[in-house]
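Protein chains in written order, with this note's numbering: chain A, 1465 to 1576; chain B, 82 to 197.
Okay, so here's the structure we're looking at.
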């Protein structure tokens, strides 16, 4: 079945540091890929998405590129802020079921 | 604000009891999903409804049930509660069925259930 593997956290960075959160997936066919973010005390919200190979999703300074050859969708940001502290979830949906499969989430803590 | 409303936000109850969690999807969304989030299991899909009909089932226990009403709101019923049922329960909605959907879900803020 479909699965998503994310790097374990927490990831702790200083403000303005470069961020990478790794995500790899296993799926049949050609899934759509997502990054969701969960701020403290809130529900998940979509951060960015990519629906086909080599697409780059971007939003709020975050980027991720759909790499079919390595089955990866790593999240990057060039300069993190304290306000980026949250839990980040990689997810995929495939096969027409429209039920995303989520990774376990990676907690990001950014210090001033 | 995602447009998805969940009530109650917090709930404390005892083992063996029954609770009902309520969800109102975004305006126009026909599909509702329920997820359970716990520290040890991560985000687990429980069940999906589309326009009043059950569409897909995930890791939902037999003690749990759900339904979607004609006005599209949904309820998740949890019975014979155990300590291990303590978790954050999320409802999400989407526009499944229009052809425009690519799996994006809109989540509510969750209902935190504590079983003592």
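Using N, Cα and C, we set each Cβ at its ideal position, and we do this for glycine too.
Going by the beta-carbon positions, is the gap between residue i and residue j smaller than 8 angstroms?
i	j	result
residue 1574 of chain A	residue 1506 of chain A	no
residue 1473 of chain A	residue 1558 of chain A	no
residue 185 of chain B	residue 1498 of chain A	yes
Going by beta carbon distance, what residues of the same chain come within less than 7 angstroms of residue i, once the five residues before and after it are set aside?
i	result
residue 1568 of chain A	1470
residue 1576 of chain A	1479 and 1546
Leaving out five residues before and five after residue i in sequence, what residues of the same chain have Cβ atoms less than 6 angstroms from its Cβ?
i	result
residue 179 of chain B	In this prediction, residue 179 of chain B scores a pLDDT of 49, lower than 50, which makes its location untrustworthy; the coordinate-derived value is nonetheless stated afterwards. Hits under 6 angstroms: none found.
residue 129 of chain B	114, 136 and 137
residue 1491 of chain A	1466, 1556 and 1558
So with CB distances below 7 angstroms, who are the chain A contacts of residue i?
i	result
residue 129 of chain B	1563
residue 191 of chain B	1507
residue 186 of chain B	1564
Apart from the five residues on each side of it in sequence, which residues of its chain come closer than 8 angstroms, Cβ to Cβ, to residue i?
i	result
residue 176 of chain B	109, 110, 111, 112 and 182
residue 99 of chain B	158, 159, 160, 161 and 162
From the DSSP output, read off the bridge partner residues of residue i.
i	result
residue 145 of chain B	B/159
residue 93 of chain B	B/195
residue 1573 of chain A	A/1476
residue 128 of chain B	B/115 and B/138
residue 1544 of chain A	For residue 1544 of chain A, which the question treats as bridged, DSSP gives no partner whatsoever.
residue 1497 of chain A	A/1514 and A/1556
residue 1528 of chain A	A/1521 and A/1539
residue 188 of chain B	B/173
Grouping DSSP H, G and I as helix and E and B as strand, with all else coil, what is residue i?
i	result
residue 1558 of chain A	coil
residue 100 of chain B	strand
residue 167 of chain B	coil
residue 1587 of chain A	Residue 1587 of chain A lies beyond the stretch modelled for chain A, which goes from 1465 to 1576, so this question has no answer here.
residue 111 of chain B	coil
residue 122 of chain B	coil
residue 1486 of chain A	coil
residue 83 of chain B	coil
residue 1534 of chain A	coil
residue 1520 of chain A	strand
Check the Cβ of residue i against every Cβ in chain B and list those closer than 8 angstroms, keeping chain order.
i	result
residue 1569 of chain A	123 and 124
For residue i, go through chain B and note every residue whose CB falls closer than 9 angstroms to its CB, in chain order.
i	result
residue 1511 of chain A	Those within 9 angstroms of residue 1511 of chain A in chain B number zero; the least Cβ separation is about 11 angstroms.
residue 1553 of chain A	123 and 124
Kindly list, in the order they appear in chain A, the residues whose Cβ is closer than 8 angstroms to that of residue i.
i	result
residue 83 of chain B	1507 and 1509
For residue i, is the beta carbon positioned less than 7 angstroms from some heavy atom of the ligand GTP?
i	result
residue 88 of chain B	The model on display carries no ligand, and the ligand GTP is accordingly not part of it.
Against residue i, what residues of chain D qualify as contacts under a CB-to-CB distance less than 7 angstroms, listed in chain order?
i	result
residue 175 of chain B	Absent from the structure is chain D; the protein chains it does hold are A and B.
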